[in-house]
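Engineer:
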Amino acid sequence: MHFFVGIIFPLLISIISGGGVLLMAYLFLKKTGDREIRAAQIELKKERQKHFLPMRVEAYQRAALLMERIHPGSLVMRLHNPGLPARKLQTDLLQAIREEYDHNVSQQMFVSPQSWEMVKNSKEETIKIINLAGNQMDATALSTDLAAKIFEINAEVGKLPTEITVEYLRKELQELF
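Going letter by letter, the sequence shown gives residues 83 to 259 in the working numbering.
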């Protein structure tokens with residue numbers, strides 16, 4: 083019994099005390115390390131945002147420019163040639179839409195999925211408007227007839243999908259700041 087009280091008991095107290103100190107040191111270092119990791123993650127996020135924000139702003143600008151360039155009125159004004167057959171103008175308009183879209187497809191990486199979905203839908207709706215007008219033309223119709231029909235459909239629709247998308251892009255971009 084004397085052996086237990088004299089040697090083992092103090093040894094157990096030392097081991098338990100040492101274990102407690104080690105546990106406290108571990109918890110302190112873990113908490114400090116976790117705090118430093120969080121601070122480093124926040125700093126990294128800020129650094130990423132600093133580099134990606136200009137790209138995101140540019141993507142929103144380019145998406146809005148795409149909407150302006152594929153707006154039916156803009157397309158007609160840019161591509162209309164009074165001597166062309168209506169079918170040729172229709173083909174040129176559709177090709178211009180596809181080229182503009184293909185040129186800007188990478189912007190989807192920097193805008194929200196909702197914004198890009200609206201961009202895609204606007205492109206498809208613009209194609210539908212042009213095809214709707216083109217399908218109402220007879221074989222002898224000129225580009226002037228098609229242009230007039232496109233403007234007529236635009237007036238009937240009211241606010242075009244491209245215009246709605248530009249408003250949405252503008253609103254979403256403002257939310258970034």
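Note that CB positions come from ideal geometry on N, CA and C, so glycine has one too.
In the structure shown, what three-state DSSP assignment does PRO167 receive?
Structural biologist: The residue given as residue 167 occupies position 85 in the sequence shown. Residue state, collapsed to three classes: strand.
Engineer: Who does LEU224 pair with in a DSSP beta bridge?
Structural biologist: Counting from 1 along the sequence shown, the entry for residue 224 is found at position 142. BP columns for LEU224 point to PRO167.
Engineer: Taking only the alpha-carbon atoms, compute the straight-line gap between LYS132 and GLN123 and give it to the nearest angstrom.
Structural biologist: As a working note, residue 132 is residue 50 in the sequence shown. As a working note, residue 123 is residue 41 in the sequence shown. Those two C-alpha atoms are separated by around 14 Å.
Engineer: Is it right to say TYR108 is buried, meaning 16 or more other beta carbons lie within 10 angstroms of its own, or is it exposed?
Structural biologist: Taking the sequence shown and counting its residues from 1, the one referred to as residue 108 is at position 26. By the 10 Å Cβ count, TYR108 comes out exposed.
Engineer: Among the residues of its own chain, which have a CB less than 7 Å from the CB of SER197, if the five just before and after it don't count?
Structural biologist: Reading the sequence shown from its first residue, position 115 is the one you call residue 197. Correct list, in chain order: ALA145, TYR250, LEU251, GLU254.
Engineer: May I have the straight-line CA-CA distance separating ARG180 from LEU224, to the nearest angstrom?
Structural biologist: Here residue 180 refers to the residue found at position 98 of the sequence shown. Here residue 224 refers to the residue found at position 142 of the sequence shown. Rounded to the nearest angstrom, the two C-alpha atoms are 23 Å apart.
Engineer: Where LEU166 and MET137 are concerned, what is the direct C-alpha to C-alpha distance, given to the nearest angstrom?
Structural biologist: Looking up residue 166 in the sequence shown gives position 84. Looking up residue 137 in the sequence shown gives position 55. Straight-line Cα distance between these residues: approximately 40 Å.
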